[in-house]
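Here the structure is laid out as structure tokens; the discussion comes afterwards.
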Amino acid sequence: MPSMLIKMNSFLSVILSIGCLTVAAQNEGDLVYSEEDCMTPNMEQGLCVKVQDCEPMVKVLRSLKYPVAQNLKDELNKYVCSSNPVIHVCCTGNPIVIQSRSSNYVQKLEPPDVSFHRNLGLLPENCGEPNLLNNKILGGIDTKLNEFPWMVLLGYRSVDGPKYRCDGTIINERYILTAAHCVKTNQGPPNTVRLGEYNLSTRKDCATLENGTVKCSLGVQNVAIEQIIAHPDFDDYSLINDIALIRMPKMNISIENVQPICLPLGDLRNAMSDNYIAVGWGLTNNETSPNIVQKVSVRMVDLETCKRHYSYQVKITEKQLCAGGNKENVCSGDSGGPIQYESTIDGTTKYIQQGVISFGTNQCGFGNKPSVHSNVAYYMNWILDTLKP
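For the sequence shown, the residue numbers in mature numbering (1 follows the signal peptide of the UniProt record, and there is no 0) are -25 to -1, 1 to 364.
In structure tokens, the structure reads:
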């Protein structure tokens, strides 16, 4: 611990000695008190925190080449919000991107830290825990009853009743997370959400326990949608920013077959698994849609490899993740569903949703081309900004 303090104090001494961050350029009336709301130069709302507590600013300062050009100092100084008694900066958790003619410094885009977000409390702490009653995505297998109680189906109007063409996940008592291309379709948006579904072919979902008794889950709920919010920068050609939220009437998310999944918060925003689990009611090996929700393990594919696979089709960005190939992949009907992984949090194993299923090859199940998904960690600010009680 003492060595860490020495390093941090040394780091702050360097900041002060080079004059990167000062309060001299700030008018006294512009300064705010510690932990109060503030506005960044980019007009983003943040919190006024000690410079060493603002991870994006620390990363910028550690990456500088010295001597630091004056125009870059000026840009950094715009983030100063107080000196009470040490330098504070306005921090949002988002990466700080500053271009300087002298340094050509550009910080790599990283997922935002939403630890200080005003709406963080709208996401439940009890999340991502399967509620199993007993002990085909491509290459997939049947899930167990209530294994993934956050899975939902999006229903679209038709003369024969709702048609289910996309999936989604419950993230709190009012919102479903899905893909933007699922809510902006030529056939119109979904109008209902089916909660608590497992087997589409049965009126009641049941499982036989190890002792031979039969246990049935609670029934499904077909609920009308209140509001659809697609990401404002969604591009229906490239499928960049392919993410959306659906606001619902208040759902009971504490019953066995209707529960929320966890989202990548805190340190989990940078956690990347080697293997993910994709879940959905999409096509299976024989190109038929299963009645029982399927799961499949898919390996992560690094972005550079993924970019080469799609170089003649669309641009792949850091806000996407790629997984699958080797005849294990997601297919039509899985769109909007989760790419998830297991993580141990405070001694409890939980599922974290890392991706929203977006698109893949048209030749489902052939070749080694991975599928592409919106990386939820990069959209946490937008998600939290959009949520309402």
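Glycine residues also receive a C-beta, built at the ideal position from the N, C-alpha and C atoms.
Give me the Cα-Cα distance between lysine 363 and methionine 355, rounded to the nearest whole angstrom. In this structure, the alpha-carbon of lysine 363 lies about 14 Å from that of methionine 355.
Assuming isoleucine 204 and threonine 361 make a contact with CB atoms under 8 Å, what is their CB distance in whole Å? Their Cβ separation, rounded to whole angstroms, is 6 Å, which keeps isoleucine 204 and threonine 361 in contact under 8 Å.
Could you tell me the alpha carbon to alpha carbon distance between isoleucine -8 and glutamate 50, rounded to whole angstroms? Only weak support exists for where isoleucine -8 lies, its pLDDT of 44 falling under 50; the coordinates are left without a value.
Rank Leu120, Lys225 and Gln329 by C-alpha distance to the C-alpha of arginine 149 and give the top, closest one. The shortest C-alpha to C-alpha distance from arginine 149 to any of Leu120, Lys225 and Gln329 is the one to Lys225.
Residues near lysine 325 by beta carbon distance below 8 Å, same chain, minus five either side: Correct list, in chain order: Cys102, Gly103, Glu104, Cys237, Glu317, Ser318 and Thr319.
Take the Cβ of proline 165 as the centre, count every other Cβ of all protein chains shown within 10 Å, and call the residue buried at 16 or more, exposed below. Residue environment: proline 165 is assigned as buried (16 or more neighbouring CB atoms within 10 Å of its CB, all protein chains considered).
Alpha-carbon spacing of threonine 323 relative to asparagine 232, whole angstroms: Rounded to the nearest whole angstrom, the C-alpha separation of threonine 323 and asparagine 232 is 19 Å.
Enclosing beta strand (DSSP E) for serine 272 [first to last residue]: Element bounds for serine 272: 269 to 276.
Below 8 Å CB to CB, which residues in the same chain sit around asparagine 17 once its five sequence neighbours on both sides are set aside? There are no such residues.
Taking one C-beta from the segment 275 to 290 and one from the segment 211 to 228 each time, how about it: are there three or more such pairs within less than 8 Å? A contact exists between the segment 275 to 290 and the segment 211 to 228.
Which of helix, strand or coil DSSP assigns to lysine 25: Here lysine 25 sits in strand by DSSP.
Which residues in the same chain have their Cβ closer than 8 Å to the Cβ of alanine 298, if we skip the five residues on either side of it in sequence? Contacts found: Tyr251, Ala253, Val273, Arg274, Met275, Val276, Ile314, Gly330, Pro345, Ser346 and His348.
According to DSSP, simplified to helix, strand and coil, what is lysine 282? Helix, per DSSP.
Please look up how many angstroms separate the CB atoms of residue 385 and cysteine 66, rounded, as I've assumed it's under 8 Å. The question about residue 385 has no answer here: the residues shown for the chain are numbered -25 through 364.
Where do the ends of the alpha helix (DSSP H) carrying arginine 37 lie? Run containing arginine 37: 30 to 38, per the alpha helix (DSSP H) assignment.
With a floor of 4 residues, list each alpha helix (DSSP H) that falls wholly inside the segment 151 to 204, ordered by position along the chain. Complete alpha helix (DSSP H) runs here, min 4: 155 to 158.
Assuming arginine 244 contacts aspartate 28 under a Cβ cut-off of 8 Å, what Cβ separation, rounded to an integer in Å, is found between them? Between the beta-carbon of arginine 244 and that of aspartate 28 there is about 17 Å, and that puts the pair past the 8 Å contact cut.
For arginine 178, which option in Leu129, Asn266 and Met247 has the closest C-alpha, if you only look at C-alpha atoms? When each option's Cα is compared against that of arginine 178, the closest is Asn266.
Look at the alpha carbon of leucine 129 and the alpha carbon of glutamine 45, and state the distance between them as a whole number of angstroms. Roughly 54 Å between the two C-alpha positions.
Which of helix, strand or coil DSSP assigns to asparagine 52: Secondary structure of asparagine 52 (DSSP, three-state): helix.
Bounding residues of the alpha helix (DSSP H) (the contiguous stretch that carries threonine 361): Segment 355 to 361, the alpha helix (DSSP H) holding threonine 361.
Where glutamine 202 falls, given that 16 or more other Cβ within 10 Å makes a residue buried: If you draw a 10 Å sphere on the C-beta of glutamine 202, you find fewer than 16 other C-beta atoms in it, and that means exposed.
Return no unless some Cβ of chain C is closer than 8 Å to the Cβ of serine 192. Considering every chain present, this structure includes no chain C. It has just one protein chain.
Note down the Cα distance separating proline 235 from glycine 194, rounded to an integer number of angstroms. CA-to-CA, the gap between proline 235 and glycine 194 works out to about 17 Å.
Run through the DSSP bridge pairs and tell me what valine 72 is partnered with. DSSP lists no partner for valine 72.
Closer than 8 Å by C-beta to leucine 240: which residues in its own chain qualify, once you throw out the five before and the five after it? Chain order, please. Result list for leucine 240: Val89, Ser90, Leu95, Leu98 and Met355, in chain order.
Which of helix, strand or coil DSSP assigns to glutamine 234: Look at glutamine 234 here: in three-state DSSP terms it is coil, with no helix or strand label.
Enumerate in chain order the residues of its own chain whose CB-to-CB distance from phenylalanine 70 is below 6 Å, with the five nearest sequence positions on each side excluded. Looking at the sequence shown, residue 70 is not phenylalanine but proline. If we look at proline 70 and ignore the five residues flanking it on each side, its Cβ neighbours are Pro31, Gln82, Leu84 and Glu85.
Given this structure, state the Cα-to-Cα distance separating serine 192 from asparagine 121, to the nearest angstrom. Looking at the two C-alpha atoms, the distance is approximately 8 Å.
Got a sec? Which residues, its chain only, sit under 6 Å from asparagine 110 by beta carbon, not counting five neighbours each side? Interpretation of asparagine 110 is limited by its pLDDT of 37, a score under 50 that renders its predicted location unreliable; no figure is taken from the coordinates.
Please look up how many angstroms separate the CB atoms of glutamate 296 and asparagine 350, rounded, as I've assumed it's under 8 Å. Per the sequence shown, residue 296 should be read as leucine rather than glutamate. For a cut-off of 8 Å, the C-beta gap from leucine 296 to asparagine 350 is around 5 Å, short enough to register as a contact.
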